[in-house]
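Just so we're aligned, residue 805 is where the sequence shown starts under this note's numbering, counting upward by one.
Ideal Cβ placement from N, Cα and C applies to all residues, glycine included.
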Amino acid sequence: MIFNTLVSFLALALAATSTPILQPQQLDVITPHITSPTEKDSWTPGSIQTVTWETQDIPPAFVNNSGMILLGHMGTTYDSKGRPQTTENLNTTCPLANHFLIGAGKVNVTVPLDTPPRDTYIIVLFGDSGNTSPQFKIQRK
Ligand SMILES: *[C@@H]1O[C@H](CO)[C@@H](O)[C@H](O)[C@H]1NC(C)=O
Ligand SMILES: *[C@@H]1O[C@H](CO)[C@@H](O)[C@H](O)[C@H]1NC(C)=O
Ligand SMILES: *[C@@H]1O[C@H](CO)[C@@H](O)[C@H](O)[C@H]1NC(C)=O
805 MIFNTLVSFL
815 ALALAATSTP
825 ILQPQQLDVI
835 TPHITSPTEK
845 DSWTPGSIQT
855 VTWETQDIPP
865 AFVNNSGMIL
875 LGHMGTTYDS
885 KGRPQTTENL
895 NTTCPLANHF
905 LIGAGKVNVT
915 VPLDTPPRDT
925 YIIVLFGDSG
935 NTSPQFKIQR
945 K
């Protein structure tokens, strides 16, 4: 799982800049589409939320793979030439969920109480591949 996760991070980082390089490996990975949260969603710190994803395209050999969900937020950094770079700022310290079945298609997560409000949160689902949701809000009631 640790190895897979590292591969996923690399794949994600590369995918953001140069998707074509990864083409051969994409034969081995799954990219379930996240159906919740959507860009209309707004979560509250401390609340329980159900993350869902499509399972019909997951090959049978992958359904028992262990999954992990990370919370991140979109941001911009600037490289040495001042060009903007999009960052996902994934919180790798505290996964929202871990050790669930990818084939389940859903898992409940608890939004940490100390999550700062932002409009640009994303979650990334790791099975053997990273897959990012639309951006959504976490805001205080
Ligand atoms: C996944 O787990 C279920 C329940 O343990 C089992 O019946 C099934 O054969 C497993 N599938 C694979 C591909 O390992
Ligand atoms: C997941 O969260 C939903 C909505 O809060 C709740 O109805 C459901 O019982 C929860 N499931 C589990 C397994 O905790
Ligand atoms: C990761 O999430 C935990 C729980 O919300 C939080 O305490 C920690 O500060 C976060 N780390 C970063 C780098 O945002």
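Bridge partners - residue i, DSSP secondary structure assignment
{"i": "PHE853", "result": "A small fix is needed here, since residue 853 is Gln in this sequence, not Phe. BP columns for GLN853 point to VAL913."}
{"i": "LYS941", "result": "SER846"}
{"i": "ASN902", "result": "MET872"}
{"i": "ILE926", "result": "GLY876"}
{"i": "SER840", "result": "THR856"}
C-alpha distance - residue i paired with residue j, whole-angstrom precision
{"i": "LYS945", "j": "ALA865", "result": "42 Å"}
{"i": "THR835", "j": "SER870", "result": "14 Å"}
{"i": "LYS910", "j": "GLN943", "result": "23 Å"}
{"i": "LYS844", "j": "THR859", "result": "22 Å"}
{"i": "ILE906", "j": "PRO916", "result": "22 Å"}
{"i": "LEU900", "j": "VAL913", "result": "6 Å"}
{"i": "THR779", "j": "LEU874", "result": "This structure cannot settle anything about residue 779, because the visible part of the chain is limited to 805 through 945."}
Reference residue i, options the options, closest by Cα
{"i": "THR848", "options": "TYR925, GLY879 and ASP861", "result": "TYR925"}
{"i": "HIS903", "options": "ILE942, ARG922 and LEU929", "result": "LEU929"}
{"i": "PRO863", "options": "ASP918, ASN912, ALA908 and PRO916", "result": "ALA908"}
beta-carbon residue i near ligand 1 non-hydrogen atom, thresh 7 Å
{"i": "ALA901", "result": "no"}
{"i": "ASN868", "result": "yes"}
{"i": "PRO864", "result": "yes"}
Heavy atom of ligand 3 within 7 Å of residue i beta-carbon
{"i": "PRO888", "result": "no"}
{"i": "PRO921", "result": "no"}
Closer than 7 Å: residue i CB and nearest ligand 2 heavy atom
{"i": "ILE852", "result": "yes"}
Stretch-stretch touch, CB-based, cutoff 8 Å, three pairs: the region 883-896 with the region 843-854: Because the criterion of three Cβ pairs below 8 Å is not met, the region 883-896 and the region 843-854 do not touch.
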